[in-house]
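Colleague: The structure that follows is given in the form of structure tokens.
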Amino acid sequence: RGGACAHSGGKMASTAAGKQRIPKVAKVKNKAPAEVQITAEQLLREAKERELELLPPPPQQKITDVEELNDYKLRKRKTFEDNIRKNRTVISNWIKYAQWEESLKEIQRARSIYERALDVDYRNVTLWLKYAEMEMKNRQVNHARNIWDRAITTLPRVNQFWYKYTYMEEMLGNVAGSRQVFERWMEWQPEEQAWHSYINFELRYKEVDRARSIYERYILSRALAALVLVHPEVKNWIKYARFEEKHSYFAHARKVYERAVEFFGEEHMDEHLYVAFAKFEENQKEFERVRVIYKYALDRIPKQDAQNLFKNYTIFEKKFGDRRGIEDIIVSKRRFQYEEEVKANPHNYDAWFDYLRLVESDTDADTVREVYERAIANVPPIQEKRHWKRYIYLWINYALYEELEAKASKRTRQVYQACLELLPHKKFTFAKMWLLYAQFEIRQKNLPLARRALGTSIGKCPKNKLFKGYIELELQLREFDRCRKLYEKFLEFAPENCTSWIKFAELETILGDIDRARAIYELAIGQPRLDMPEVLWKSYIDFEIEQEEYEKTRNLYRRLLQRTQHVKVWISLAQFELSAGQGERLQRCRQIYEEANKAMRSCEEKEERVMLLESWRSFEEEFGTDATKERIDKLMPEKIKKRRKLQAEDGSDAGWEEYYDYIFPEDTANQPNLKLLAMAKLWKKQQQESEAAAMDPDKDIDESQT
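With the first letter of the sequence shown counted as 1, position 132 gets the number 132 in the UniProt record's numbering; the numbers rise by one all the way through.
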């Protein structure tokens, strides 16, 4: 029974255990994220705040006897050795081990540990430093020297070893030993700071000659390196020169600067060297030498690299120079700015003008010519006149400079001729250039060349301005036959030019040939196309009035009225009759106004007709009788306001506009509709008056009593 019970009990237990091994998986119905999210950062922060991971410090152990101390040392050394054995390359374990041994005054053991560590990694700088510091701290000077010697032999490019070695020897008072270490260091051609440390070391012991020799070796070594690197270091020479200046060896300092200038030459010029050299000479009161240095550098250093040089030169001239020197440096600076502008855009002719104006103010003729040649070499790329308008003034200014400033007439002629050859005369020309050339030849008393130039210009590219200039020239020379020929050519070229016809006729009038002048006017008004016919007719009429040919003047007016019925022509004719007539002048003038009024009835421009009537009324008010004045008043129109419909460009309605119109009494009498309209207006007015009287009878009684 017991076995059976046990068996049954075991079976039940196994069944129960089997049931427990199958956990039920919980089904999550709501898979949406919770409103408050917990991050890993938050968990760590809470753990830190609650100090869940802080372990209590180990209990302090008090050592009471030697045996316990030895046991402690054994356990500690075993721990360090285990750490080293686990990872030999972790140098911090070695250093901690050695420092622990040092704290126990076990120097030999510490040395042994450092030596074992150096066998593992002899390139570790920290290891060497800690090793040497331990020896120096324990006043083991020879051991420290030995370590430093080994360090600088093994790693000669680690400057920290050299600095600490030399410092240690100097602190021990071993100046010779420190100098020997410096010499060993300099054999390795270290960086700049190492040389200066050596120099400062010698200066601390007043060894100026030794410091100078070190400077010499230093700049020579850097010079050899510069030849390889192609980047010479100017600052080393400057420091050497300042060293000499500081110790009052001014001749040596000047020699250093001169050697530096000679060494760098013109290929590797640096503005800092020349600024330092100039300041040195300025301190020595050698102002002329300073000026020469600045000018030498400014002439050879590219302008974009000489900004500081310009600045210092300007300051120097302001302090020690005169007005001329200050102006020179300002001009140089502006010249550099203009050079940059014309380099950026060679076709910026305004920049060339400014540059040339600056150069002409204070420069020799050769330099000015060079700049002019550079400027005129930038020919506009497009043969269109608008692109040449600014460019042509470069040639004009060049020629004027050669003539007025340089007094070189031969070069002036060459400039004009070169410019005229350059211009594309088949497409366009510049009349001013031809005229300036001709005027120059006249000033040189070379009249045939001037005439040849103007004749060539008219043959190649005839223009109104060229003809006018040539004619004016011949007029000044009193060559009237040549003027006649030129006018004939001019009118063949431009027969529509009314001004030319008038000038030609005026010339003949001045010369007293009235018939030729009249014939010219007749030819002119007979041209089929004229640019200003009204001016020509007026000039012809004025000409006949001056000659007191009144009948011919009247005929001219009639011929003109056959061509145009303009109101000003009628008014002018009436005024002519008023001024030119004798006894019947008023009657003639009034007849002209009558005739003009009849002719203007068919004119669509009512304002012109009103203008005529106004002129007529002014005449009658001055010369007329009461009857004539009353008659002209009856002819004056009535001004009324009207409305008309406007249309847009697309034909849609654009609204209404008001305008003023004139109704002439003569037109009203001839048009029955207008007469009927006037009668309707009169009837309406009478109706309004009768209605007003019927509505207010008392007013009529009062008025009758009154």
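C-beta: ideal position from N, C-alpha, C; glycine also.
1. Is Asp513 helix, strand or coil when you go by DSSP?
2. Given a cut-off of 7 Å, decide if Tyr122 and Thr154 are closer than it, judged by their beta-carbon atoms.
3. Considering just the uninterrupted stretch of the alpha helix (DSSP H) at Met171, what are its terminal residues?
4. Starting from the Cα of Gly512, find the closest Cα among Ile525, Phe480, Lys427, Ala408 and give me that residue.
5. Report buried or exposed for residue 707, applying the criterion of at least 16 other Cβ atoms within 10 angstroms of its Cβ.
6. Which residues mark the beginning and the end of the alpha helix (DSSP H) in which Ser618 is found?
7. Please list the terminal residues of the continuous alpha helix (DSSP H) segment that includes Cys461.
8. Report yes if the CB atom of Ile571 is closer than 7 Å to the CB atom of Ser615, and no otherwise.
9. Among the residues of its own chain, which have a CB less than 6 Å from the CB of Ala596, if the five just before and after it don't count?
10. By a C-beta neighbour count over all protein chains shown, 10 Å radius and 16 as the cutoff for buried, is Glu183 buried or exposed?
11. Considering Cα atoms alone, identify which of Cys498, Thr39, Pro424 is closest to Met532.
12. Using the three-state DSSP reduction, which class does Gly265 fall into: helix, strand or coil?
13. Buried or exposed for Ala680, going by 16 or more other Cβ atoms inside 10 Å?
14. From this set, Gln189, Gln284, Ile471, Trp128, which residue's C-alpha is nearest Phe161's C-alpha?
15. Which residue marks the beginning of the alpha helix (DSSP H) containing Val90, and which one marks its end?
16. For Gln547, which of Glu405, Ile442, Thr509, Arg179 has the nearest alpha-carbon?
17. Could you give the uninterrupted runs of the alpha helix (DSSP H) lying entirely in the segment 519–570, keeping only those of 4 residues or more?
18. Are at least three pairs of beta-carbons, each pair with one atom in the segment 422–441 and one in the segment 380–399, less than 8 Å apart?
19. Inspect the beta-carbon positions of Cys483 and Glu474 and report whether they are closer than 7 Å.
20. For the alpha helix (DSSP H) containing Lys445, name the first residue and the last one.
21. Assign Trp128 to one of three DSSP states: helix, strand, or coil.
22. Compare the C-alpha of Lys489 against each of Ile458, Val368, Glu46 and name the closest.
23. If you follow the alpha helix (DSSP H) that Gly177 is part of, which residue opens it and which one closes it?
24. Note down, one range per segment and in chain order, each alpha helix (DSSP H) of at least 4 residues found wholly within the segment 268–314.
25. Rounded to a whole number of angstroms, what is the C-alpha to C-alpha distance between Met269 and Arg204?
26. Looking at Glu403 and Thr412, is the spacing between their C-beta atoms short of 7 Å?
27. Can you name the start and end residues of the alpha helix (DSSP H) that Gln42 belongs to?
28. Output needed for Tyr165: all residues of its chain with C-beta closer than 6 Å, excluding positions within five of it in sequence on either side, in chain order.
29. With DSSP run on the structure shown, which of helix, strand or coil describes Gln37?
30. Pull up the distance between the alpha-carbon of Asp71 and that of Leu118, whole angstroms please.
31. Can you give the beta carbon distance from Ala241 to Phe280, rounded, assuming they're within the 8 Å contact cut?
32. Identify the residues that DSSP records as bridge partners of Arg643: which are they?
33. Considering Cα atoms alone, identify which of Trp94, Asn87, Ala418, Val371 is closest to Tyr114.
34. Consult DSSP for Ala251 and reduce its assignment to one of helix, strand or coil.
35. Quick one: what does DSSP say Asp481 is sitting in, helix, strand or coil?
36. Excluding the 5 residues flanking Ser178 on each side, which residues of the same chain have their C-beta closer than 6 Å to its C-beta?
Modeller: Well, looking at it:
1. Numbered from 1 along the sequence shown, position 513 holds the residue referred to as residue 513. DSSP places Asp513 in coil when its eight states are reduced to three.
2. Looking up residue 154 in the sequence shown gives position 154. Looking up residue 122 in the sequence shown gives position 122. In contact: Thr154 and Tyr122 (Cβ atoms closer than 7 Å).
3. One-based indexing of the sequence shown puts residue 171 at position 171. DSSP places Met171 inside the alpha helix (DSSP H), whose first and last residues are 159–171.
4. On the sequence shown, position 512 is the one that residue 512 refers to. For Gly512, the nearest C-alpha among the options comes from Phe480.
5. Summary: the structure shown does not reach residue 707, with the chain confined to residues 1 through 706, and so no result is reported for it.
6. Walking along the sequence shown from the start, residue 618 turns up at place 618. 606–623 is the span of the alpha helix (DSSP H), which, as asked, contains Ser618.
7. Position 461 of the sequence shown, counted from the first residue, corresponds to residue 461. For Cys461, there is no enclosing alpha helix (DSSP H), as DSSP gives it neither H nor E.
8. Here residue 571 is taken as the residue at index 571 of the sequence shown, counted from 1. Here residue 615 is taken as the residue at index 615 of the sequence shown, counted from 1. Their beta carbons are under 7 Å apart, which means Ile571 touches Ser615 by this criterion.
9. As a position in the sequence shown, residue 596 is number 596, starting the count at 1. Only Trp570, Leu612 meet the Cβ criterion.
10. For the purposes of this step, residue 183 is taken as residue 183 along the sequence shown, with counting starting at 1. Classification for Glu183: exposed.
11. Counting from one through the sequence shown, the residue named residue 532 turns up at place 532. Ranking Cys498, Thr39, Pro424 by Cα distance to Met532 puts Cys498 first.
12. As a working note, residue 265 is residue 265 in the sequence shown. If DSSP states are grouped into helix, strand and coil, Gly265 belongs with coil.
13. Position 680 of the sequence shown, counted from the first residue, corresponds to residue 680. Looking at its Cβ environment, which holds fewer than 16 other Cβ atoms inside 10 Å, Ala680 is exposed.
14. Stepping through the sequence shown from its first residue, residue 161 is reached at position 161. Nearest neighbour of Phe161 by Cα position, chosen from Gln189, Gln284, Ile471, Trp128, turns out to be Trp128.
15. Walking along the sequence shown from the start, residue 90 turns up at place 90. No alpha helix (DSSP H) holds Val90; DSSP gives it neither H nor E.
16. Position 547 of the sequence shown, counted from the start, is the residue given in the question as residue 547. Of the candidates Glu405, Ile442, Thr509, Arg179, the residue whose Cα lies closest to the Cα of Gln547 is Thr509.
17. Counting whole runs of 4 or more residues, the segment 519–570 contains the alpha helix (DSSP H) stretches 533–546, 550–563.
18. Touching, yes.
19. Mapped onto the sequence shown, residue 483 falls at position 483. Mapped onto the sequence shown, residue 474 falls at position 474. With contacts defined by Cβ atoms closer than 7 Å, Cys483 and Glu474 form a contacting pair.
20. Counting from one through the sequence shown, the residue named residue 445 turns up at place 445. Run containing Lys445: none; DSSP gives neither H nor E here.
21. Locating residue 128 in the sequence shown gives position 128, counting from the first residue. Shown here, Trp128 sits in a helix according to DSSP, grouped into three states.
22. Walking along the sequence shown from the start, residue 489 turns up at place 489. Put simply, of Ile458, Val368, Glu46 the residue whose alpha carbon is nearest the alpha carbon of Lys489 is Ile458.
23. As a position in the sequence shown, residue 177 is number 177, starting the count at 1. Note, Gly177: alpha helix (DSSP H), 175–186.
24. Runs of the alpha helix (DSSP H) inside the segment 268–314: 271–283, 287–300.
25. As a working note, residue 269 is residue 269 in the sequence shown. As a working note, residue 204 is residue 204 in the sequence shown. In this structure, the alpha-carbon of Met269 lies about 34 Å from that of Arg204.
26. Within the sequence shown, residue 412 is the residue found at index 412, counting from 1. Within the sequence shown, residue 403 is the residue found at index 403, counting from 1. Between Thr412 and Glu403, the gap from beta carbon to beta carbon is short of 7 Å.
27. Counting from 1 along the sequence shown, the entry for residue 42 is found at position 42. Taken as a continuous stretch (DSSP letters only), the alpha helix (DSSP H) holding Gln42 covers 40–50.
28. Walking along the sequence shown from the start, residue 165 turns up at place 165. A distance below 6 Å between beta-carbons, with the five flanking residues on each side excluded, links Tyr165 to the following residues of its chain, in chain order: Trp148, Val181.
29. In the sequence shown, counting from the first residue as 1, residue 37 sits at position 37. In the structure shown, Gln37 adopts coil according to DSSP, grouped into three states.
30. Numbered from 1 along the sequence shown, position 71 holds the residue referred to as residue 71. Numbered from 1 along the sequence shown, position 118 holds the residue referred to as residue 118. Here the C-alpha atom of Asp71 lies approximately 29 Å from the C-alpha atom of Leu118.
31. Sequence index remark: in the sequence shown, residue 241 carries index 241 (1-based). Sequence index remark: in the sequence shown, residue 280 carries index 280 (1-based). The pair is a contact, with the Cβ atoms about 7 Å apart (cut-off 8 Å).
32. Position 643 of the sequence shown, counted from the first residue, corresponds to residue 643. Note: Arg643 sits in a beta bridge opposite Glu658.
33. In the sequence shown, residue 114 corresponds to position 114, counting from 1. With respect to the C-alpha of Tyr114, the residue from Trp94, Asn87, Ala418, Val371 having the closest C-alpha is Trp94.
34. Here residue 251 refers to the residue found at position 251 of the sequence shown. Looking at Ala251 - three-state DSSP - the assignment turns out to be helix.
35. The sequence position of residue 481 within the sequence shown is 481, counting from 1. Under the three-state reduction of DSSP output, Asp481 falls in the helix class.
36. Within the sequence shown, numbered from 1, the residue matching residue 178 stands at position 178. Hits under 6 Å: Thr166, Glu169, Glu170.
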